[in-house]
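Working notes for the structure below.
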Ligand code: 3PG
C-alpha cells in the first residue's frame, strides 16, 4: 500500500485511541472537537450511522486540522467519496466490503476494513492491506482471538474496536499486534445529545491518562 496508508496508520498508533463518534446534529461537531482537542486526544472516527456525518467531518477538518479525522461505518463508494470530499483522512468500515476496499486501494485512499477471521485477513493481505480493524473485538474473542490470529499472520496489525473501555484497554495495547483501540465509551451519543462536552472532555482525559501510564510503564 501507499505511504499515505502507513502514515495514517502510524498516526493512529501514536494516538493509540480512536473515539468512534455518532453525531445526530452537525452543530455538536465543533464543541465535540474542542473537547477532544482540550483532552489531548486528537482523533475522531465520525461514523456514517447518522445523516450529520458529512457536515460534521467537514466542520471538524476545517476548524480542527490538528485532529486526525476519519470516516467510520463506511459501507458504500458514495460514502467514501462524500467523506473524502468533506476532508476525511481515512476510511474505516465494520466489515470487508470488496467493492469499497478495491475502490479505496485503487484511489490510494487509506482504508481500514473490519475483519474478525482469517478469510478477511487474507482478502486484505492480497490487496496490500496489513493494518486492519478488528471488529467486533470483544464479541469475536477479544485479545485471545487477536493473539491466535497473529500466529499465522504475524505481520498484520489491528485497530481493535467493539466492547473496549478503560477496563480492558491496556490488555489490548499490550499486544504487539495492536496499533490502537477504538471505542465510543468516551464520546457516548447520550452525552453528545445532552451537550455534556465537559463530561466528554473528562472521559477523554481519563483515556489519554491510561495510555500515558501504559506507555511510561
Ligand atoms: C465501532 O464501530 O468501532 C464500534 O461500534 C465501537 O464499539 P463500542 O461502541 O463498543 O466502543
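In this note's numbering, the protein residues as written are 2 to 218. In this text, a Cβ means the ideal position worked out from N, Cα and C, and glycines have one as well.
Exposure of residue i, with buried meaning 16 or more beta-carbon neighbours within 10 Å
i	result
residue 114	buried
residue 150	buried
residue 207	exposed
residue 120	exposed
residue 1	Here the chain comprises residues numbered 2 to 218, so residue 1 is not present and cannot be evaluated.
residue 66	exposed
residue 40	buried
residue 90	buried
residue 158	buried
residue 143	buried
residue 107	exposed
residue 71	buried
residue 53	buried
residue 140	exposed
residue 202	buried
residue 29	buried
beta-carbon residue i near the ligand 3PG non-hydrogen atom, thresh 7 Å
i	result
residue 113	no
residue 215	no
residue 88	no
residue 1	With the chain represented from 2 up to 218, any question about residue 1 goes unanswered, as that position is not in the structure.
residue 136	yes
residue 21	yes
residue 122	no
residue 95	yes
residue 185	yes
residue 92	no
Nearest neighbour of residue i, chosen from the options [CA to CA]
i	options	result
residue 100	120, 124 and 118	124
residue 216	21, 40, 171 and 96	171
residue 31	212, 198, 209 and 175	198
residue 160	105, 11, 103 and 134	134
residue 4	204, 132 and 182	132
residue 64	182, 76, 38 and 178	38
residue 169	182, 177 and 178	182
residue 25	107, 193 and 11	193
residue 83	103, 143, 95 and 59	59
residue 178	155, 191 and 13	155
residue 164	186, 175, 97 and 176	186
residue 55	140, 87, 42 and 6	87
residue 110	10, 212, 213 and 218	10
residue 96	103, 51 and 74	74
residue 166	212, 112 and 15	212
residue 6	85, 112, 102 and 80	112
residue 190	147, 15 and 51	51
For residue j and residue i, believed in contact at Cβ under 8 Å, the rounded distance
i	j	result
residue 46	residue 93	6 Å
residue 61	residue 44	About 11 Å separates the two Cβ atoms, so there is no contact after all.
residue 49	residue 76	7 Å
residue 22	residue 188	5 Å
residue 57	residue 36	That pair is no contact at about 14 Å.
residue 13	residue 180	6 Å
residue 184	residue 162	6 Å
residue 174	residue 17	6 Å
Bridge partners - residue i, DSSP secondary structure assignment
i	result
residue 44	69
residue 21	46
residue 132	158
residue 94	114
residue 183	19 and 162
Cβ-heavy atom distance, residue i to the ligand ZN, below 7 Å
i	result
residue 88	Inclusion of the ligand ZN in the displayed structure is not the case, the ligand content consisting of the ligand 3PG alone.
Short CB-CB distance (under 8 Å) between residue i and chain C
i	result
residue 141	Structure shown: chain C not included; a single protein chain is present.
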